[in-house]
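Visitor: Got a structure for you, questions after.
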Amino acid sequence: KEMHIWEEGATREELIEERKNKIVVYEKLEEEKKLLEGSKFSTEDEIKAITEKMAILEGYINTLSDKIKLL
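If you use the working numbering, the sequence shown corresponds to residues 919 to 989, in order.
This is the structure we're talking about:
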């Protein structure tokens, strides 16, 4: 669900809400990544998975920002 792309025809307000939600998810992933990086356990695979999710989310956030500017 967190990776859901907006529906075509969404209003500016809906896009802003969608972007806000993705930013919140991104921040939570960033916190998880920091916790894992400080863990005594080997967490390389988990950190890699979180980093990949963060990169995808960052792309969505930037795309939403561009789309909002056009409305």
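Cβ atoms here follow ideal geometry from the backbone N, Cα and C, with glycine treated the same way.
Taking Cβ positions, are residue 975 and residue 943 nearer each other than 8 Å?
Guide: As a first step, residue 975 must be located in the sequence shown, where it is residue number 57. As a first step, residue 943 must be located in the sequence shown, where it is residue number 25. Yes, Cβ-Cβ distance for residue 975 and residue 943 is below 8 Å.
Visitor: Where does the unbroken alpha helix (DSSP H) through residue 962 begin, and where does it stop?
Guide: By 1-based counting over the sequence shown, the position of residue 962 is 44. First-last of the alpha helix (DSSP H) with residue 962: 962-988.
Visitor: Is it buried or exposed for residue 938, if we count other Cβ within 10 angstroms and need 16 for buried?
Guide: Looking up residue 938 in the sequence shown gives position 20. By the 10 Å Cβ count, residue 938 comes out exposed.
Visitor: Less than 8 Å separating the beta-carbons of residue 955 and residue 965?
Guide: For the purposes of this step, residue 955 is taken as residue 37 along the sequence shown, with counting starting at 1. For the purposes of this step, residue 965 is taken as residue 47 along the sequence shown, with counting starting at 1. Their beta carbons are under 8 Å apart, which means residue 955 touches residue 965 by this criterion.
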